[in-house]
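Undergrad: Below you will find the structure I want to go over with you.
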Amino acid sequence: MPASTEPATCRTLAEYIKALVTALGEHEAASLQRLHAIVGARRARITLDDETVLVRFVRDRLVAEPASRDVVADGSGETDRQTTLDLLDGALEVTEAIQQGRLHATGEVEGLVRIFQVVEILLDASTRVPALQQLSAAYIRDPCRAAPLRCGVTRRAAGTDGEAGMLRRLDLMP
Amino acid sequence: MIIDTLRPPGRLDVTADAYKDWLHVNVFDHDSGCIGIFNTSLHGSPRDARARAIGTALMHAPDTGWVGNVEVIAISQANIGPTSIGLEHVAIATDGPDAVLASAALPAAGLEARFTASARSRPINVDYPLPFGTGWISWYVLPRLAVTGGMVVDGRRLDLTGATAYHDHNWGRWHWGDDVGWEWGACAARDPEATFVVFVVSRATDRAHLNTTGALLIADFAGERRCFGGGNLRIRLEGRFGGRLLRLPGALAALHQDRITPALPDRIHVRADDGIDALEIEIRVRAVAQLIAADPVRRGYGFLHEMAGAFVASYRVGGCSRTADGLAIFEYVD
Chain L
1 MPASTEPATC
11 RTLAEYIKAL
21 VTALGEHEAA
31 SLQRLHAIVG
41 ARRARITLDD
51 ETVLVRFVRD
61 RLVAEPASRD
71 VVADGSGETD
81 RQTTLDLLDG
91 ALEVTEAIQQ
101 GRLHATGEVE
111 GLVRIFQVVE
121 ILLDASTRVP
131 ALQQLSAAYI
141 RDPCRAAPLR
151 CGVTRRAAGT
161 DGEAGMLRRL
171 DLMP
Chain W
175 MIIDTLRPPG
185 RLDVTADAYK
195 DWLHVNVFDH
205 DSGCIGIFNT
215 SLHGSPRDAR
225 ARAIGTALMH
235 APDTGWVGNV
245 EVIAISQANI
255 GPTSIGLEHV
265 AIATDGPDAV
275 LASAALPAAG
285 LEARFTASAR
295 SRPINVDYPL
305 PFGTGWISWY
315 VLPRLAVTGG
325 MVVDGRRLDL
335 TGATAYHDHN
345 WGRWHWGDDV
355 GWEWGACAAR
365 DPEATFVVFV
375 VSRATDRAHL
385 NTTGALLIAD
395 FAGERRCFGG
405 GNLRIRLEGR
415 FGGRLLRLPG
425 ALAALHQDRI
435 TPALPDRIHV
445 RADDGIDALE
455 IEIRVRAVAQ
465 LIAADPVRRG
475 YGFLHEMAGA
485 FVASYRVGGC
495 SRTADGLAIF
505 EYVD
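As given, the protein sequences belong to chains L and W, one line each in that order.
First residue of the first sequence: 1, per the working numbering; consecutive thereafter.
First residue of the second sequence: 175, per the working numbering; consecutive thereafter.
Rendered as structure tokens:
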């Protein structure tokens, strides 16, 4: 629940992604180099609610452009604002989000592993880079996005039919 | 009279980036079975923009589970006094040597609290640096306090009259992620008149909890204090806790997927006997919260497991044998 003194502003998904990577590079250049090395020439499709962006590096510069949901990429991640807020709030574990169908990650294994490595680099750096924490706070308070729906009940109601439910949803049950 | 204050580093302190300072209160409400954890802490040099203040307010209720959350802000945004740390939603202050005030305003997370705790036992003052990893740690402890005030837990109002509390202030120099860990516990007996029993169990360890620097048990029996340590004290962690952990902050929980099911005990057994006095305690763990502390200046994490439960004890002091029961918290840090 990071706080920020910044005024609440509206940002698009592409602007958030660019701001994250810019802040990382300004404060932990080595982490950005690792991130760049992991991504290489690959492209990721990121969807949050009704926004989809295609993310890639062009030379040393990250490019995040609006895209359609069926644009070809090496891996893709899709979730919604409430799931993101629940993850930030500790009300939901990543495995639960996947099992409940609230977080989708698709693609070749190598592409997916690299997407999650990038997320790890950003989360890890955020503990030492206040600018990243401020972006998280700005996302929570973003006036152009739905207000957070957060309460203690959410934490306890995180029931799930678990792995079996996920396999059923993906039509992978025998 | 001891006036316990925060210990911020001076401008010439070359270890300032490893600075840690915190005020901690546990509340044990025997009527409802609720156990509260309130903590405000400072991490890193106050002159470093990366330094953080963290506020924790959690309450475990037997019927509804955990409520509350963790708040993280820049140290520069916190309201820090000589004996107080205030964040936007969680604040703790000491008032003189024997009173602690705490408040939490986290209605969206199901917890609001405002209470004062007044000492009902003598302090334990360890105002010198105990070796701790590559750094050191110091303590000031009020093992038992009486509480006035109230809380709202998931919409239910709790009058804390009759509850007891534990308070400590820790300060020192270390980095999260160092090869350090500790085990600590406090047991508050239900009956303060007949069986006034508080145990503080502490042993600093390495991160794997293989090499300990020695355990210490301090027990108060209706105004009398006994200390056990060395070969007179044995602490065993038994069983394996199988419940779902509450893990906070959420972003760090997401980062540490390998820590979803840590190997934690579901029983803690403490046995002390110095040939004259003796006691035996069993803590049964009913819920665990994993608080993940990130170092603000170098890559490293500490995992503080707050294990809430109940205890039963039997003891022989001054030739009299008695039993006690109540609520307990045991902390396992690695």
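C-beta: ideal position from N, C-alpha, C; glycine also.
Remember, predicted model here, so these are calculated numbers, not experimental data.
1. Can you pull the chain W neighbours of L/Leu87, defined as C-beta to C-beta under 9 Å?
2. Could you tell me whether any Cβ in chain W is nearer than 8 Å to the Cβ of L/Thr12?
3. Kindly indicate if chain W contains any beta-carbon less than 8 Å away from that of L/Val118.
4. Step through the CB atoms of chain L and report whether any lies within less than 8 Å of the CB of W/Ile434.
5. Just verifying my parser: in three-state terms, what is the DSSP assignment at W/Leu438?
6. Within the chosen definition, does the segment 126 to 146 of chain L reach the segment 465 to 475 of chain W through at least 3 CB pairs nearer than 8 Å?
7. So what does DSSP say about W/Ile177, is it helix, strand or coil?
8. Can you tell me the Cβ-Cβ gap for L/Gly107 and L/Ser136, rounded? I've got them flagged as a contact below 8 Å.
9. At what residues does the alpha helix (DSSP H) containing L/Ser126 begin and finish?
10. Touching or not, the segment 429 to 440 of chain W and the segment 233 to 253 of chain W, by the rule of three or more beta carbon pairs under 8 Å?
11. Do you know how far the Cα of W/Arg331 is from the Cα of W/Gly324?
12. Could you tell me which residues DSSP puts in a beta bridge with W/Val264?
13. For a minimum of 4 consecutive residues, which ranges assigned as the alpha helix (DSSP H) are wholly contained in the segment 347 to 432 of chain W?
14. Once the 5 residues before and after L/Leu167 are set aside, which same chain residues still bring their CB inside 7 Å of it?
15. Within 8 Å of any Cβ in chain W, is that where the Cβ of L/Asp124 sits?
16. Is it right to say W/Asp178 is buried, meaning 16 or more other beta carbons lie within 10 angstroms of its own, or is it exposed?
17. Thinking C-beta only, is W/Glu454 closer than 8 Å to W/Arg445?
18. According to DSSP, is L/Arg34 helix, strand or coil?
19. Can you check which of these residues, W/Gly329, W/Ile392, W/Phe306, W/Ala482, is closest to W/Arg296 by C-alpha distance?
20. Exposed or buried, W/Gly483, counting other C-beta atoms within 10 Å across all chains shown (16 or more means buried)?
21. Could you pull out every residue in the same chain whose Cβ sits closer than 8 Å to the Cβ of L/Ile38, ignoring the five residues on either side in sequence?
22. Using the three-state DSSP reduction, which class does W/Asp499 fall into: helix, strand or coil?
23. State the DSSP-derived secondary structure class of L/Gln100, mapped to helix, strand or coil.
24. Nearest to W/Ala276 by CA position, among W/Leu304, W/Asp328, W/His341, is which residue?
25. Roughly how many angstroms separate the alpha carbons of L/Pro148 and W/Asn406, rounded to a whole number?
26. For chain L, find out if any of its Cβ atoms is closer than 8 Å to the Cβ of W/Pro236; answer yes or no.
27. What's the C-alpha gap between W/Ala449 and L/Leu132?
28. Quick one: what does DSSP say W/Met481 is sitting in, helix, strand or coil?
29. Enumerate, from N- to C-terminal direction, the unbroken beta strand (DSSP E) stretches of 3 or more residues contained entirely within the segment 291 to 321 of chain W.
30. Would L/Glu26 pass as an interface residue toward chain W - the criterion being a Cβ-Cβ separation below 8 Å?
31. Starting from W/His198, follow the beta strand (DSSP E) in both directions and report where the run begins and ends.
32. Measure how close the beta-carbons of W/Gly359 and W/Glu505 come, nearest whole angstrom, since I'm counting them as under 8 Å.
33. Using DSSP bridges, identify the partner residues of W/Leu285.
34. Under 8 Å, CB to CB, which of the residues in the segment 126 to 137 of chain L have a partner in chain W?
35. Is the CB of W/Asn213 under 8 Å away from at least one CB in chain L?
36. Going by CA-CA distance only, name the one from W/Ala428, W/Tyr489, W/Thr338, W/Asp353 that's closest to W/Arg399.
TA: So, from the data block:
1. Result: Gly424, Ala425, Ala427, Ala428.
2. Closer than 8 Å: no.
3. At a cut-off of 8 Å between C-beta atoms, L/Val118 does not count as an interface residue with respect to chain W.
4. W/Ile434 counts as touching chain L.
5. Three-state DSSP puts W/Leu438 in coil, outside helix and strand.
6. Flag = yes, the segment 126 to 146 of chain L and the segment 465 to 475 of chain W touch.
7. W/Ile177: coil per DSSP, three-state reduction.
8. Contact between L/Gly107 and L/Ser136 does not hold, since the beta-carbon distance rounds to 25 Å and is not under 8 Å.
9. That run of the alpha helix (DSSP H) goes 109 to 126.
10. Three or more beta-carbon pairs separated by less than 8 Å are not found between the segment 429 to 440 of chain W and the segment 233 to 253 of chain W, which leaves the two stretches without contact.
11. If you take the alpha carbons of W/Gly324 and W/Arg331, they lie about 7 Å apart.
12. W/Val264 is bridged to W/Ala278.
13. Given a length threshold of 4 residues, each whole run of the alpha helix (DSSP H) inside the segment 347 to 432 of chain W is given here in chain order: 424 to 429.
14. These residues qualify, in order along the chain: Met173.
15. Interface annotation, L/Asp124: in contact with chain W, CB-CB separation under 8 Å.
16. By the neighbour-count rule (16 or more Cβ atoms within 10 Å), W/Asp178 is buried.
17. Yes, Cβ-Cβ distance for W/Arg445 and W/Glu454 is below 8 Å.
18. Taken through DSSP and simplified to helix, strand or coil, L/Arg34 comes out as helix.
19. Distances from the alpha-carbon of W/Arg296 to those of W/Gly329, W/Ile392, W/Phe306, W/Ala482 put W/Ile392 closest.
20. Result: buried.
21. If you ignore the 5 residues before and after L/Ile38, its C-beta comes within less than 8 Å of the C-beta of Arg114, Gln117, Val118, Ile121, all in its own chain and listed in chain order.
22. In the structure shown, W/Asp499 sits in a strand (DSSP, three-state: E or B).
23. If DSSP states are grouped into helix, strand and coil, L/Gln100 belongs with coil.
24. Looking at the Cα atoms, W/His341 is the closest of the given residues.
25. Those two C-alpha atoms are separated by around 53 Å.
26. Chain L has no Cβ within less than 8 Å of the Cβ of W/Pro236.
27. Ala is not the amino acid found at residue 449 of chain W; the sequence shown has Gly there. Distance between the alpha carbons of W/Gly449 and L/Leu132 is about 57 Å.
28. Correct three-state label for W/Met481: strand.
29. The segment 291 to 321 of chain W is shown to contain whole beta strand (DSSP E) runs of 3 or more residues at 298 to 306, in chain order.
30. Not an interface residue.
31. 193 to 203 is the span of the beta strand (DSSP E), which, as asked, contains W/His198.
32. Under the criterion of beta carbons closer than 8 Å, W/Gly359 and W/Glu505 qualify as touching, at roughly 7 Å.
33. Per DSSP, W/Leu280, W/Val327.
34. Listed in sequence order: Ser126, Thr127, Arg128, Val129, Pro130, Gln133, Ser136.
35. So, not an interface residue.
36. W/Tyr489 is the residue among W/Ala428, W/Tyr489, W/Thr338, W/Asp353 whose C-alpha sits nearest the C-alpha of W/Arg399.
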